[in-house]
Structures are given as C-alpha cells and as structure tokens.
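Chains A, B, C, D, E, F, G and H are the protein sequences, given in the same order.
Counting from 1, one number per residue, gives the positions in the first sequence under this note's numbering.
Counting from 364, one number per residue, gives the positions in the second sequence under this note's numbering.
Counting from 727, one number per residue, gives the positions in the third sequence under this note's numbering.
Counting from 981, one number per residue, gives the positions in the fourth sequence under this note's numbering.
Counting from 1235, one number per residue, gives the positions in the fifth sequence under this note's numbering.
Counting from 1416, one number per residue, gives the positions in the sixth sequence under this note's numbering.
Counting from 1597, one number per residue, gives the positions in the seventh sequence under this note's numbering.
Counting from 1667, one number per residue, gives the positions in the eighth sequence under this note's numbering.
Glycine included, each C-beta is placed from N, C-alpha and C at the ideal position.
Taking it in order: structure first as structure tokens, then the write-up.
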Amino acid sequence: MSKVLMKGNEAIGEAAIRAGCLNYFAYPITPQSEVGEYLVRRMPEVNGVFLQGESEVAVSYMIFGAAACGARVMTSSSSPGISLMSEAISYITSGECPAVFINIMRCGPGLGGILPSQADYSQSVKGGGHGDYHLMVYAPASVQEAVEMVMMAFPLSEKYRNPVMILGDGLIGQMMEPVVFPDHLKTEPSNKDSWATNGMDTRKSNVRNLVKTLLLDPVQLNAHNLKLKAKYDLMKKEEVRFEPYNTDSDYKALIVSYGTMSRVCRTAIDDLKEQGLEVAMIRPQTLFPFPDTAIREAASKESCQVVLGVEMSMGQMTEDVERCVRGKKPVEWYGKCGGEVPTPEEVMNAVKSLLQSSRKEQN
Amino acid sequence: MSKVLMKGNEAIGEAAIRAGCLNYFAYPITPQSEVGEYLVRRMPEVNGVFLQGESEVAVSYMIFGAAACGARVMTSSSSPGISLMSEAISYITSGECPAVFINIMRCGPGLGGILPSQADYSQSVKGGGHGDYHLMVYAPASVQEAVEMVMMAFPLSEKYRNPVMILGDGLIGQMMEPVVFPDHLKTEPSNKDSWATNGMDTRKSNVRNLVKTLLLDPVQLNAHNLKLKAKYDLMKKEEVRFEPYNTDSDYKALIVSYGTMSRVCRTAIDDLKEQGLEVAMIRPQTLFPFPDTAIREAASKESCQVVLGVEMSMGQMTEDVERCVRGKKPVEWYGKCGGEVPTPEEVMNAVKSLLQSSRKEQN
Amino acid sequence: MGKTFLKPEALSSQPNHYCPGCTHGVIHRLIAEVIDELGIRGRTVGIGPVGCAVLIYNYFTFDFQEAAHGRAPAMATGIKRVRPDLMVFTYQGDGDLASIGMGEIIHAANRGEKFTTIFVNNAVYGMTGGQMAPTTMPNQRTTTSPYGRDVLDVGMPIKVAELLAALQTPAFITRQAVIKPKYIVKAKKAIKKAFEYQMAAKCYSFVEVISTCPTNWGMTTMESVNWAEEVLLPFYPLGDIKSPESVDGGTDAK
Amino acid sequence: MGKTFLKPEALSSQPNHYCPGCTHGVIHRLIAEVIDELGIRGRTVGIGPVGCAVLIYNYFTFDFQEAAHGRAPAMATGIKRVRPDLMVFTYQGDGDLASIGMGEIIHAANRGEKFTTIFVNNAVYGMTGGQMAPTTMPNQRTTTSPYGRDVLDVGMPIKVAELLAALQTPAFITRQAVIKPKYIVKAKKAIKKAFEYQMAAKCYSFVEVISTCPTNWGMTTMESVNWAEEVLLPFYPLGDIKSPESVDGGTDAK
Amino acid sequence: MQSEVMFAGFGGQGILLSAKILAHAAMEQGFEVAWIPSYGPEMRGGTAYCMVVIGDRPIGSTIIKNPKHLVAMNRPSLEKFAPVVKSGGVIMINGSLITIGCGRSDVDEFIVPVNDIAIGLGSIKSANIVALAAFAARSKIVDLDLLRECVKIEFASKANLIPLNMRAVDEGQKAAMAKDK
Amino acid sequence: MQSEVMFAGFGGQGILLSAKILAHAAMEQGFEVAWIPSYGPEMRGGTAYCMVVIGDRPIGSTIIKNPKHLVAMNRPSLEKFAPVVKSGGVIMINGSLITIGCGRSDVDEFIVPVNDIAIGLGSIKSANIVALAAFAARSKIVDLDLLRECVKIEFASKANLIPLNMRAVDEGQKAAMAKDK
Amino acid sequence: MAYNYQIDVDRCKGCGLCVAVCPKNVLEIAGEVNVKGYFPVYQARPADCVVCTTCCIMCPDVAITITEIS
Amino acid sequence: MAYNYQIDVDRCKGCGLCVAVCPKNVLEIAGEVNVKGYFPVYQARPADCVVCTTCCIMCPDVAITITEIS
Ligand SMILES: Cc1ncc(C[n+]2csc(CCOP(=O)(O)OP(=O)(O)O)c2C)c(N)n1
Ligand SMILES: Cc1ncc(C[n+]2csc(CCOP(=O)(O)OP(=O)(O)O)c2C)c(N)n1
Ligand code: SF4
Ligand code: SF4
Ligand code: SF4
Ligand code: SF4
Ligand code: SF4
Ligand code: SF4
Ligand SMILES: [Mg+2]
Ligand SMILES: [Mg+2]
C-alpha cells in the first residue's frame, strides 16, 4: 500500500484494524481522542465494534470481558485515564488475557497539561497497578513506527497472553507523517479455545473455561506468580528491541532516550558530530523489557566517559539506566517536562557541560 | 501510657487519633477493615469524622477535598483499592496536599489473595499514578513501629505538603503485639492558611486560595515539576530511615529486607550466626526515600561477597538494591509471594547456596 | 402424585461454602434450573462478583469470568458487544452493585445492554464481615454502623430496582425474594423471564433478589428469614417494576 | 425607571475563555450574584470540573478547588464533612457528572450531603471536541455519534434530575435553563434557593441548567438557543422536580 | 528462649480469644509476645487457628512451622498440627471431641474433656477457657493468677460471665493437675 | 537539507489545512515531511499555528525554535514569529489584516492581501489557499502543479469547492510573481 | 409410584430451613455431627412425607433430592 | 435619573445574543474587530434604550454594565 500522510492517532486506529482488531472501547481524552473519532467511522465498515464507555474504569473492564472471551481488543487513553485503568490492568495480566492499551501521554501529575510528555514511564514499566506483573511496553518515535508497533502488539499479546502497551507522547498522536501500512494480519485471533470463556458450544467442548484471578491458596498463588515471572523473564530474553545510533564511533558520551525525545537527541548528535564531538545513543524501542545489556555494553566502551538519560520526565527512565550500567560509568539525567520539549541545542549543551565537568573531575 | 496488646489495624486507627487526625474516609477491604471498624466507634468520642465512601475512587477524592481545605485526614485500603486511588494520589501530590494513606497489602495481581505480601512496592515507590511524583513510603516491621510511623506521617506530610503512605503487609494489620502509644501530638494541624481552601473568613483574609493541578503553560508546569522534584531530593537528603543489623560483623552476605519479612531475616541471621556464618542486614524503614548510600556502603564492605534482596514479591525492591549497589557486588533476589511467607530456614538456605555458588565462581 | 427433585445440570456437584441457611445457594440453584430449562448452558457465560459469591464459578458447569469488585456490568458489556450470541449474566451483591459499582450498572442498564443481572440484596457486606451497604435498613446495626444506620448522616437505603426503572431506556426490572418457598417459586419465574428477554435480544434485564445473611445479621436462620419478610419486604416491595412493553419504557408500578 | 447592572463582586474581572455565545458564562454570573446576595463569599469554596469550565477558578473571587473529571461530588463531600460551616458547590458538565461521575453524584445525593451542585447540561462533551454525552439527544450528531445518537445501540439520554429524584433521601432538585432572559431570571431564583437549603443544612441541592454549545453543535449562537428551546426543553422539562418538603422526600412532579 | 503455642479448632470454639488471653498474660508477665491469627475470607465453618509466640527477646519471625505446644480443640486440628510440634512440647487434646491420641512419645500429651467440663459448668461457651487454663497449668507457660486477672479483664464488659469463667479456670487447672498424678 | 515553514494566524483561518496540503505536496515530491500542529484544550479564538518540516533525510527533532519560513495570517503571529525566522527565509504577510512589516532586511518579505483576493474570488474561505499558493510560488518549496493536485485531493469530498480553490491557487501564484517584478 | 427421598448428610448444614417449611412436619435435626461439624436433618416421620419437594425448593445446599423408583 | 450604559468592547465576543433579546432593537454588531478579533456590539439606537438590563442579563461575558449617574 502506498504512502499516506496521516495523523498519529488516526494511523494507530487504522493499524489496529489492519491487525485484525475489530473491537475498540474507549473514553475520550486529549490528546488521543482522534483514535476513537477515527474508529467510530471505520469500525462499521468492517463490522467492528466501537463503544464509548462511561469511564476509563468501565472501559478497562469492558476490555477484560471482551478479551477474556477471546476477542482481539484495544483501548486508548491518556495518563489520568490510564491511572484509572490500573486496577483492571493488574486483573488482566493476572487473568492472562491479551489486550492492547494505547497511552498517548500528557503532562502530570494531576490534571497537568496536554502537551508532549514522558512522565508515565514508571507507571507503565514498573506497574501502575498492584501486584507482581508487567506490561510489555513499546515506545514509538514516529508515526510509522507507531503503526508497526500496534500491528506487532496484537500477536505478541496473544503469544504471551499478557497485555501490551504502546506508550507515545502527544507528538506521536498529534503529528502527521507519511505512513506505509504493512499488509493486513490474518484477522483470526490465534486459537484461544484452551482458555477463553467463549461458550462451550463455540469450541464444541463440554469442558468449561474459567477466567479468574482469585487464588486463595498461597501455594497456588505463588506458583501463579512464578508462572507470570517466567513469562516476563522470557520477554527479557526474546523481546528486547532498541536502536543504536552512532555507536561504532569512538563516542565520548552515550545518550539513552526514547520516543520523540530520541529524535531531538539524534539531531543533537548529528550537529555535535559536525562540531567534532562524537556522541552515541541507544534508543529503547521496548521499555519493558528494557535493553539492559545493550546499554551496559555501550556504556562500557573505552571512549565513553559518561551516560546521559534524556527524557521528558524527571529521571524515571534514567533510574533504569543507572541500574543496568552497574556503576561502569557515571549516569546523569537531562530532561524537562510539563510540555517543554528540550531542543537539540539544549541537549547539545547538556552533553558538553557534562563532559567538561567529568573532565574536570579527572584532573 | 502503659503497654497494651493490640491488633495492628486497630493500633493504626488509634495512632491516627493520637496524631490529631480526626477525619477518616475509607471503603472496606480485607485485610484492613478493622481500621475503619475501630474508628467508627472511636471518632464520635473525639468529635471526629468517620465516613464509609461508596468506592475507593470516591474516597480518594474525599481525602483530596478534605486535605485541600486544611483538615488532617487519613484513609486506609489494600492493594486493589490503592490501584483505584492512583489517579487521586497523582492529583494530591500535584496539588501539594498533606494526607496519609495506609496500604495493608494483599497478594496480587488481580484479586489474588488476602495473605501477607509485599507486591505493591513498585506501585507505592515508583508511583502507581501518572506523572512525576513520589509518595513518602514507610514500611513498619511491627505493630509498635506502625504506630510510631503513623504518628510521624502526619507532621511529615504537612512539612512537605506531600502525601505519605504506610505500606504494611497483612501480618502488620492482623497481628496483635504489645504497643506503647507515644503522647498525643498537638492536634492543631500546622498552619495551612497560606494555601488551604478553608474559606477566606476562616483565615481573616481577602486573598483567596486555590488548589489546582492544571497548568497549561509548559514553562509553568515544568517549573512546578522542578519544585516537586526539589522536595523529593530534599526527602532523599533528610528523611532516609533504615535499621542496620549485625553490620559490624565481618559479614559474608548482606541482606536487604523490609517489613515483617525483615523479622524472618533477623531470625535467619541469628541462627546463621550460631552456625558460625555472619550475615548482615539493612532494613529500609523508608522505601521512598530509599537508603541508597547505606546499602551501597554496606555492600562495599571487604568481607561481603553478595547482596541478597529478600521480599514477599518477585524482586521489585531488589531492582532498587541493584541500582544503588552499582555493580560493587553481585545482587540476587530471594522471595515468595501470594501469601507464602518464606521461613527463616528457607532464607538461611538461600543465603548458603548463594555463597556456595559465588565461591564456585571464584574458583 | 409426588414430584422428583434433582440437582440441575448447570449446577456443579461441589458443596457451596456459604454459611448455614444463607440463601445465596437458593439463587444459584434457580439460575441453574433456568439455564437447563432454556438449554443455553453451552452458550452461557456467567460473571461473578467480589463478595461472598466470589467463588460462584465453582458452583456452575459453564464458562465463567470473575469480575473486579463492582465491575461485572462492564465486563458483561464487553462480552455482549463482541459476542452478542452468548448468554451473559452478572451475579452481584449490594455492596458490589449498589456501592462501588453504581456507575457501571446505571450505564449498562441505560445503554440497554442485552445481558441479565442477578442482584443479591442482603442489606449488608457479607464477605468482608458485615459492613453497612447502600441497602442497609434505617437503624440496622452493622460493623460500620454500630449504633444503627443513621439516615440523617448517611441517607436512606437505595432502592436499586426503582432507581434503574427511572431510566428512559426500555428494560425488564423486577424484585423477588428467596426467603420462603412461595417467593422462591416466583423468583424462578422472574429469572426465566429475564433470560428470555435476553435471548430475544429485547432489552436489559435485572432481577433484584432479597436474600439473607444470618451471619452478619447476627440471627439464626429462622430469625433471618422472618426479619427479611417483616422488615425488608415492606421497604423493598416484590414484583415487576418495569418491562419493555410498558408505555414509553416507563415504569409499570405507581 | 431604569435599572443598573454591575459585575458581581464574587465574579472576577477576568474575561472568560468560552466561545462566543456559550452560556457557561451566564451561569457563572448567576452563581456570583447569588453568592453576593447571600453574603457568603468569604466562606464559600467552589469545586470546578474537568470540562470547558476547567478554568472556572479564574472567574470567581473566593476559594476554589479543581476536581478530577467526575469527582467533584466526592471532593465536596470531603470538605463538608470536615468543615460543615463552609458553603460548597460543585460545577459540573454532563460528561463530567453524568458519565464518569455517575457513581459519585448518586451517592453524594443519596447521603444527603449538604452541598449544592450546578449541573451544566449542554448535551455534548464540549472541551474535548464534541463527543457524545449521556445527555446527547436521540439522533444528535457528535464526533462519536457521527450518524446521530442511535438509541437502540447506546440507549436513551439520561434525565439526571429525574434519576436523582428517584432516590429516597430528601433533596432539592430542579431543572432550569439560561438560553433566554426569561429562563435566566428563573434559573437565578432556583440557584439561590439551592444555596439557601445548604445554608440551612437542610438537604442536598441540585440545579440542572440547560446550556448551549454553539461550537460543538455546529450552530450559530441564535441557532443554538433556538435548538435548545425547541429540542432540549421538551425532553428536559424545566421546574422543581423534588423538594425536601414534599411528602416522604418523594418527587413533586408526576 | 522462645516458645510458641498453636491453638486450633473449629470456627466458633473461641480459639482466637483463649490465644489472646494467653498472650495478654504473658505480656503482663514481662515477656515479648505476638498473636498471629489465621485470617481468610469469610468462609464459615472452617478450621480456625491462632499462634501465640512468647519470648524473652524481641520476636523475629512470626512465621512458625514447628510450634512448641499445641492446644487441639477438634480432631482435624490435632491431625494437622500434632506431627509438627517440637519434641518436648505439650499437646493438649480436647477429649470431648477427639477420640484419638497424637501418637507421639516425645511430647507431653494430655487429654481434657473440655466440652464436657464446660457443659458441667453450665455453658459450653466456657470450653475455650477450660482448655486455656488446663494448658497453662500443665505447661507452666504463664502464672495462673495473672491468667485469672487477664480472663477477668477480657470479660470486664460482660461481668456476669466472669464467675463462670473463673470456675472454668479452676476446673481446667484441676484437670491438668489430675493428669499429673 | 531541511526547511521548516511556520503557518500562523487566528483559529478558523484554515491554518492547519494549508499546512497539511503543503506537507502532502512535499511528500508526493519525495521529501520527508512532518506536520506538527499546536494543540491545546478547546480555548477558542486564540492563535493557531502549525509547523511543516520538509527534508531530504529522515526528520529528527520536530521541535523547531527557528523556522526557515513564515506564513503570517494575522498581526499577532507576525509579531511573534518574524523575529525567529532564519535569515534568508521567506516571510509572507497577509496584507489584508497586517499593516506592519517584519522589520527585517535579511529575509525575503512579501505582502499579499490574501483576504481581499479571496473575497474577490467569491469566498473568504479560500484565503488560506491563496496564501499557501503565494508562499509556495515564492519559496519554490514545492512544485505548483503537485500542489494543485493535492488541493484537489483535499477537497475531493467537497468537489464543488475545487474550482474556487483552483482559482485561489492561480491568484496566489500571480500575487507572488507580481511581487517579483 | 414410589420415590426415593435422599438427604446428603455431608452436604447438609443443619440450617433447619427445610424443617420449618415442611408442611407435614416430617423433618428434624439429628443429634450427631457430620464431617463438617454440622448437625444434619433427617426424616423423623418419613411416613408422613407427601413428596411435595418443598424442602428441596428451600434448601440452599441441594442436600435433598427425590427420584422415582419404578 | 440618568444612566451610564457601558459596553466593554474588548470583553464583547460579538455573539449577538444581546442584539436578539433587546426589546427595543437598540443594539447592532459593529463593523470592525476588537483586539481579540471579534466584531463587538454597540448601541445603534441609544435613544431607544429603556435601560431594562435585558441585554446585561443575557450577556455571557458581562460585557455590558449600567450605572447611575447623579
Ligand atoms: C476494589 C475493592 N474494594 C473492596 C474490596 C473488598 N470487598 C470484597 S467483597 C466486598 C463487599 C461484599 O458485599 P456485597 O457486595 O454486598 O456481597 P455479599 O458478600 O453481601 O454477598 C468488599 C467491600 C475488594 N475486593 N475490591
Ligand atoms: C479521567 C479523565 N478522563 C477523561 C478526560 C478528558 N475530558 C476532559 S473534559 C471531558 C468531558 C467534558 O464534557 P462535559 O463534562 O460535558 O463538560 P463541557 O465541556 O461540555 O462543559 C473529558 C472526557 C480527563 N480529563 N480525565
Ligand atoms: S456471610 Fe452472609 S452472605 Fe456471606 S455466606 Fe455467610 S450468610 Fe451468606
Ligand atoms: S466548546 Fe462549547 S461548551 Fe465549550 S466553551 Fe465552546 S461553546 Fe462553550
Ligand atoms: S417432600 Fe414435602 S413433605 Fe416430604 S419432607 Fe419435603 S417438604 Fe416435607
Ligand atoms: S435446608 Fe438443606 S442444609 Fe438446611 S437443614 Fe435442610 S437439608 Fe440441611
Ligand atoms: S451578549 Fe455580550 S458578548 Fe454577546 S454580543 Fe452582546 S455584549 Fe457582546
Ligand atoms: S438595556 Fe434593554 S433596551 Fe437597552 S439595550 Fe439593553 S436590552 Fe435593549
Ligand atoms: Mg450484600
Ligand atoms: Mg457538556
């Protein structure tokens, strides 16, 4: 299919349909309402389901109910709405149902603002809800990548029977960029008869299925948690995705940055190169699982003096960078939030002053 | 006041009253319902307010409203209930209102079970809600400590104008232990006229107060986030609390463990000592701020070969241990969840096998 | 001319965990009998509450989902929207449905979702140890109204069936009881009617059932059924309150 | 015999951000006038919604709190329970109050919380760009009902005032409009009455106000007030629906 | 030195209460104590048990797999816990409901028909106090007079029950002594 | 090589649309493009602006403090953005609403009374297309025929408006040329 | 036609509801507990039973079943 | 008694509601925009004004005020 110019939110809606997701439940919230406004028109064309729920809490359980009976489902929201979904997200992971959540982040905390932000990193990656669980979290840096990640998300969430979140900032949702849509996925969800509560007749079985999360016996519940942990460990082994940039140079500093913020960093790195200063970047495409090893190895490179986490939040991701660098190099944070997007110039200055000070320390 | 034998949940309720908290809003949930069942009888005796809200979501905003007009308020809940409060918690931190949240954790994810667990570490410490904020999080290991932490919590939440969470496991709530109650705090909440929406007449002023979290101007919202960050940095400087155990021995292993889990570890350490094996422990009493330095320094000790995070969850706290140890020593995790509480024997074996394997590695 | 009586097929043989004399068990059996008679066991999905009936999935022999506290109507909506051919019912207590779940039940009913709700009104939070429910009677003592429900402080009990009947969207709404055989027989008919409306994709259907909680009422079984009959029934009158046939979906009663 | 007209003291001098002809501004002014007349500015706390009125705190000269979407009644409950002497009102749109906030408004009303709610019914989500609200009329086009609200799919509009009136707890519940001067004069009287009930700690008071949204209705100002009068008012009849005096707190109307 | 007592029986047999009174008495005697109930959702008619930990140092782990002593009020609890009691411990068996023994020679097993004694005293309700007193007397874990005081304090609000329960203590104590001969 | 165009004016002046058509044309011409609107809560009547980034390499930062060009549809936007335009850029001024100049000598400033031209064409609504065409012709940033095609595609659903907007393109183009003399 | 009236002693919780509703006063609570510790019912006066199933309808635990025996 | 009828031109959004409700048809929308880009109202026929405040009551923006002048 040819190239089209499309707004991120609408492209995400279209990508879902092409991934065979014909069921969408959501509650409006800026800056992602266009996802629903697009799908309310598209779904009837494909005999799909569109429903505006009465609240994010309700929507999150509509998703659970629909996913639990085997449907391919998606919702989209933004930060406060995701907070309200956190109980259900915990339930859905424990009930091992596949589902896709889109979070087009706005600025917090509280009502905050609606401009681009990455302040929901911890909520998405560490678990906003209660209990030991993880979402698989993808962070697109362009509309094209958002489309590809949405289309990957469904089969992956079904493979692991775990919800997947696409974590984008407001720019991803509001920006128009050229998009080429991959071919449709085969629309039949992978066989779910082994667990989905889709009615015994549907699966021509007289064994009933159960989707539940209550396990009163501690031995069973511990085993269940170990089973979930095994899935997360497998994701860490198999699903890590990241993009290295300028990593074969003899870089003096390593930037770790994701989403649209990483595009600003890329520009900064290009400009620094012209100024004769080599800087590299690891751009996590999956925030969970996080590219621990890639970052640690990149940080270990001889030439690299310092690691800088650059994010539109107050160092949430940088904490993970610190963890995986294991003290091999000093780890620093640079960022802004509240809708202020650091410019390439600001990132360049942050890197330079950092290198100066670290040079000072050496003297 | 003399020693009394009291159930954790009831002691927490009494401690709140002695801290001058005469306003309690909550929704029932096991294993903490006794907090409310105690306060519904006690509050009338002190002309206090008890209200059972219709849901945790509603309760969390009752807390916001009451706190925002200057009252000293508390709520208590358990894991799923806290998830439902996460939007409000984000609002309250952004609105800079003091309030105390009790989370007597149960096992997740989902409905899970009601036995002791520590699976809400990440939710409480990293922020279950959206945006850049932190709760100050205290983790009591005994009923007595729960009482003391509750009574500290109110003045601290007012000092920082930030909510404080007491994170206890089911044992803290359900266990009876001897308690000696500290004297009453002066019941007048610290002066809040500079910000509380308590009515202009109340503060004999014609300047009105505003409690809000919307900041559409990114420069202002970034500044607001920096202001909050400054508070969290100050907490990291001033409010870290931890208990070292057997740290002046030449310990071969360092355990990091909190809450009732740490009591099991203490027994394990005593028994290992008898067997001639020295092991030390850092017990974080504050989970945020986390005792980074104390743990790093303890891990750095010559004799220490390995660091072991022991928790009733799948390694949530151990990630923070890994972060602050900065690769100085290998960091491992041992734990169970779902209501299975590791026994001293199990902890002892975990430590021993760990030391063996690390010895192997050395050969 | 005796009659025979057997455990319905839709009901599992597992003994329930309810307290002696708790009528949750009666309601379970009636649902199972109706599902057998309608022959829909193979395409039914039940949704359990969080409440004493949290283990309900153990007592039936068809697909079941377990909801979070109060959210069963949202889950049922999710199922019916993607699989209208499945027969779906929610089973909810009065804390679950009328307190934390009020928003979900009102909106599901108002959208006219084509599922059935069995609403167990026992005037108390059973599972968590007897706290006050929205349906708790004036002056009734509970662990969170130890001196009796003070209506001046916390308001009157909520008549959920009448409240839902005030919505404009056509629906079948009825109140029944299972405290004595004569009521049980009627209750079964009402539950069957509710499922029939769903099978016809006609409307949302809601059956409130007055049930007992001897344990938290602090009464013997017999005291419980009598208290329910003498105190609850006058305040919560039995019978059909609204049906989709009634003019402009308005209420029958009044 | 002319009259004078001045900006009330309770209203700030800051120009509002509402679209031309949006009647949110009229409602703001009426509230301010009532607060001036009752002389309660110094002990009033307003609670704003998330909706087009999210910046409402800029337009008044007394203490204000900003709620999360739909939760204003819970915040008001928090304030009134700890400071019954403060005069508290919530200002909420129909998405805020009738959709996400349904549970909170019903329970606050049913507890008989002693605060006042100003409910702005403009049949649409204004702030977020014109999505369907629970109050959206049958066949009304919105960005999430582009072919018109299909009542068979999403149900009938919710008559919030009538729904709250179906609760048993005594309350003052009225519906007004601000689309033409004659309605505005009545609306002000009703708002004053609502605050007077609160001052007397008599009951919960609720004023639904039919308002316009020219921008999302896609109409001129005049088209808007006329559409509101011709389409909304017949479905949402004006007048007092319930008062605490009426027998057993029941409804006046019907 | 630390010792643990497991009280176990049916729900409704007053297990939690007798355990609490023992903990209280031990506290008054200057020991460190912890009272750890088995809590779960309201599944009625099940087994109820409660652990009391008594020590002279701050109590570490409250998770005890092998208690020192056992007070078994019904058969399922005896079967469940008898095997894990530390050797040298006391196992008190409610002879009124339990017809078997614990089958261990390394513990001090003794049988008291607590229900029958309680019924003899006029109310089955006092069975848990009879058992408590019998166990306390036998194990000498706390001072009996202190225990009496704590029973009084516990029933302060229902003063009319105090005489009954005092007699329950006496009878329990007698039963324990009796066995000594 | 990358260039950025800032479109700015009142809400309702069709800013976002003309920016979108430019981005579309550039895309069709084989460039990398990004269209970045200013989005905010529905505060009507305010200033609306939209940035179009056009480059021959994948576009990095979409946060541009100094655009190459500016299309200023009203005075506030001219005052706000004229100072930050890169030197050598084009600044198109809507002469119908703006009576001042940008006060810079290092840019190619030119004034087009787009409202008047649009009214002349029969509908003020076409002003944004006039401006777009004028700017495109002046800056030569995209091929004018491609632009025409994209205008047609944009209005495909409202075909009756196409002739008007074709004329708007012509007039805009003329206006730009005119200035060349 | 003959019927087989069965009380599953171990399902019965001895709540007594059936006893109260039996029109013929056939049922009584037994003296010894079942495995669960409850005192179950039994047909004290089976001869009086008219096989009306009222007790079955009332029983929350489906402890009573009635089958035909040809 | 004389009155001072004031229209705050820059508050006015030109919505025209006051024009429509004025019983004396006093008001009209002006031809030139105000600072916000709106076309404000003005009293086209001030002589006809009966100072009834109907326009003030209708105005959502409190753009019209009427004061006494002694
Ligand atoms: C979010 C959440 N809040 C609270 C609880 C605790 N809880 C479990 S059941 C229940 C109430 C049960 O009462 P009801 O719905 O009336 O059912 P019943 O037990 O009376 O049949 C509560 C408050 C929970 N599990 N989850
Ligand atoms: C939790 C949450 N969900 C959704 C939103 C997005 N949102 C803001 S206002 C609004 C609806 C506003 O409509 P209404 O309440 O009718 O007020 P109006 O703008 O019409 O006056 C929505 C859905 C939000 N801010 N927070
Ligand atoms: S607590 Fe009440 S509702 Fe729950 S099982 Fe027992 S009697 Fe039934
Ligand atoms: S969008 Fe509608 S409600 Fe919002 S300000 Fe504009 S007209 Fe008023
Ligand atoms: S069948 Fe009828 S008569 Fe026989 S025992 Fe049951 S209730 Fe009594
Ligand atoms: S009703 Fe059922 S459970 Fe109750 S006594 Fe009769 S048979 Fe037993
Ligand atoms: S009503 Fe007010 S805002 Fe509207 S035109 Fe008249 S004066 Fe201007
Ligand atoms: S005061 Fe009355 S007459 Fe004068 S302009 Fe206003 S509405 Fe018209
Ligand atoms: Mg109940
Ligand atoms: Mg609205």
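Any idea what DSSP makes of residue 901 (chain C), helix, strand or coil? strand
Please name the residues in the region 837–871 of chain C whose beta-carbon is closer than 7 Å to at least one beta-carbon of chain B, in chain order. 851, 854, 855, 857, 858, 869, 870
**Study point:** Cβ-based contacts, 9 Å cut-off: residues of the region 299–328 of chain A near chain B
**Key:** 313, 314, 315, 316, 319, 320, 322, 323, 324, 325, 326, 327, 328
Once the 5 residues before and after residue 267 (chain A) are set aside, which same chain residues still bring their CB inside 7 Å of it? 344
So, are the CB atoms of residue 1376 (chain E) and residue 1253 (chain E) less than 8 Å apart? no
Practice prompt. Could you give the DSSP three-state label for residue 1629 (chain G): helix, strand or coil?
Written response: coil
Report task. Measure the Cβ-Cβ separation of residue 348 (chain A) and residue 258 (chain A) and say whether it is below 8 Å. Result -> no
* Asked: Is the CB of residue 219 (chain A) under 8 Å away from at least one CB in chain B?
  -> yes
Cβ neighbours of residue 1414 (chain E) in the same chain (closer than 6 Å, five flanking residues each side left out): Residue placement at residue 1414 (chain E) is poorly supported in this model, since its pLDDT is 46, which falls under 50; the coordinates still yield a value, given next. Result list for residue 1414 (chain E): empty, nothing under 6 Å.
Do residue 1603 (chain G) and ligand 6 come close, with the Cβ less than 7 Å from some heavy atom? yes
Exercise. With 8 Å set as the bound, which would you pick, yes or no: does the beta-carbon of residue 43 (chain A) sit closer than that to a beta-carbon of chain C?
Worked result: no
Strictly below 8 Å CB to CB, what residues from chain E border residue 366 (chain B)? 1261
**Prompt:** Exposed or buried, which one is residue 1275 (chain E) when buried takes at least 16 other CB atoms within 10 Å?
**Reply:** Residue placement at residue 1275 (chain E) cannot be trusted, given a pLDDT of 49 that sits under 50; the coordinates are not used to answer.
Item to check | For residue 672 (chain B), the residue or residues it bridges with in DSSP | outcome: B:619, B:696
- According to DSSP, what are the bridge partners of residue 770 (chain C)? C:813
| field | Opening and closing residue of the beta strand (DSSP E) in which residue 178 (chain A) lies | value | 176–179
Please name the residues in the region 920–953 of chain C whose beta-carbon is closer than 8 Å to at least one beta-carbon of chain B, in chain order.
-> none
Using a Cβ-based criterion (distance less than 7 Å to any ligand heavy atom), does residue 445 (chain B) qualify as near ligand 2?
no
Alpha-carbon spacing of residue 401 (chain B) relative to residue 439 (chain B), whole angstroms: 12 Å
Exercise. Taking only beta carbons into account, state which residues of the region 25–39 of chain A come closer than 8 Å to chain D, listed in chain order.
Key: 27, 28, 29, 30, 33, 36, 37
If distances are taken between C-alpha atoms only, which option among A:184, A:92, A:103, A:284 comes closest to residue 22 (chain A)? A:184
Give the secondary structure of residue 1232 (chain D) by DSSP, where H, G and I count as helix, E and B as strand, and everything else as coil.
Residue placement at residue 1232 (chain D) is flagged as unreliable, the pLDDT there being 48, under the threshold of 50; the coordinate-derived value follows with that caveat. Reduced to three states, the DSSP call for residue 1232 (chain D) is coil.
- prompt: Listed from N- to C-terminal order along the chain, which residues in the region 77–91 of chain A have their beta-carbon within a distance smaller than 7 Å of any beta-carbon of chain B?
  reply: 79, 80, 82, 83, 84, 86, 87, 90, 91
So, is residue 1092 (chain D) buried or exposed, given that buried needs 16 or more other C-beta atoms within 10 angstroms? buried
inquiry  = My output table needs one value for residue 865 (chain C): the three-state DSSP class, helix, strand or coil.
reply    = coil
Quick one: what does DSSP say residue 1277 (chain E) is sitting in, helix, strand or coil?
With a pLDDT of 45 at residue 1277 (chain E), under the threshold of 50, the modelled position of that residue is not reliable, and the figure given next carries that caveat. Residue state, collapsed to three classes: coil.
- What residue does the alpha helix (DSSP H) around residue 1439 (chain F) start on, and which one ends it? 1430–1443
Practice prompt. Step through the CB atoms of chain A and report whether any lies within less than 8 Å of the CB of residue 1456 (chain F).
Written response: The pLDDT assigned to residue 1456 (chain F) is 49, lower than 50, so where the model puts this residue is not dependable, and the model offers no usable value.
Quiz item: Are the Cβ atoms of residue 147 (chain A) and residue 181 (chain A) separated by less than 8 Å?
Solution: yes
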